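Here's the structure we're looking at; comments come further down.
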Amino acid sequence: MKHVDHVGIYPGSFDPITLGHLDIIERAAKMFDKLIVAVLINRSKSPLFSADERVKMIQMVTEHIDNVEVVSFDGLSVDFAEAMGAKVIVRGLRAVTDFEYELQMAQTNRAMRHEIDTIFLTTDLRYAYLSSSIVKEVASYGGQIDLFLPPAIVPLIEARIREKKSN
Ligand code: ADP
C-alpha cells in the first residue's frame, strides 16, 4: 500500500515567532510526517515583519527539526490546508481567553471543511503568558526580551524597533 504522508499545518501570524510558538512546533512535528508552519500574510494588521521575513526567521530557528516546512499564505487556513494536503490544523491554547476565539474558528473551519480537524496543544506553562504582541510592547520600551524569544530573533526585533523609532 502506498504510504500517504500525514501532514499537519500550524497557521498563525508569528510576528515574530516566540519560544511559545517554537515549543508548539517542536511538539507538533512529532505527531506528523510533515508539519507545515503557515505564515499568514496579514492584510488587516500592520505587522512588524513582512511575511517573507517571518518565514525566514522561523526557518532559521527550526533548522534542527527535519520535517518542518515554512511557507506564507494568504486567505483561509482551511483552503490552504486543503491545497497542501493537510487534514489537521494545529493551534496553541494558552488560557481561557484564547479558548472562545479558537473554538469559534475551529467550528467555522469544520463547517466549511468537514474533513479537516483542528487540534489544540496546551502551552508549556513557562510560556503561558507569552504573545508576540507583548514581546513587541516590551521591546518598544527597551525591556529585556531574551526570556521570550529564540536567541537569533532578539537582535532582529531590536534592530527593527530602532529603525521604526528613527523614522
Ligand atoms: P494568530 O494571529 O493566528 O493568533 P499567533 O502568531 O498569535 O497567530 O499565534 C498562532 C498560534 O499559536 C495560535 O493558536 C496561538 O494561540 C498560539 N500561541 C501563541 N503564543 C503561544 C504560546 N505562548 N504558547 C502556546 N501557543 C501559543
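Residues 246 to 412 in our numbering are what the sequence shown spells out, letter by letter. Backbone N, C-alpha and C define an ideal beta-carbon position, used for all residues, glycine too. What you are looking at is a predicted structure, and each value in this text was computed from that prediction instead of being measured.
Sorry if obvious, but does the Cβ on residue i come closer than 6 Å to a heavy atom of the ligand ADP?
i	result
G330	no
Y386	no
D343	yes
T368	yes
I270	no
Y346	no
F325	no
F259	yes
L375	yes
R476	Nothing can be reported for residue 476, as the shown portion of the chain is limited to 246 through 412.
G253	no
R371	no
R355	no
If we ignore side chains and look at the alpha-carbon of each, how far apart do residue i and residue j end up?
i	j	result
G387	L401	14 Å
E403	P292	15 Å
I379	A296	19 Å
I361	V252	11 Å
L375	F393	7 Å
D260	V316	14 Å
A397	V306	7 Å
K381	T368	20 Å
A273	K279	9 Å
V282	A356	23 Å
E408	S385	11 Å
G330	T363	14 Å
V249	M276	14 Å
In the structure shown, what three-state DSSP assignment does residue i receive?
i	result
E360	coil
I303	helix
G265	helix
I398	helix
Return the bridge partner residues of residue i from the DSSP annotation.
i	result
S317	V284
R371	Bridge partners of R371: none, in fact.
K279	V252
F344	Partner(s): none; F344 has no beta bridge.
Inter-stretch contact (C-beta, 8 Å, three-pair minimum) for the segment 329-346 and the segment 298-313: Under the three-pair Cβ rule at 8 Å, the segment 329-346 does not count as touching the segment 298-313.
Would you check if there are 3 or more beta carbon pairs closer than 8 Å linking the segment 340-349 to the segment 318-329? The segment 340-349 vs the segment 318-329: no contact.
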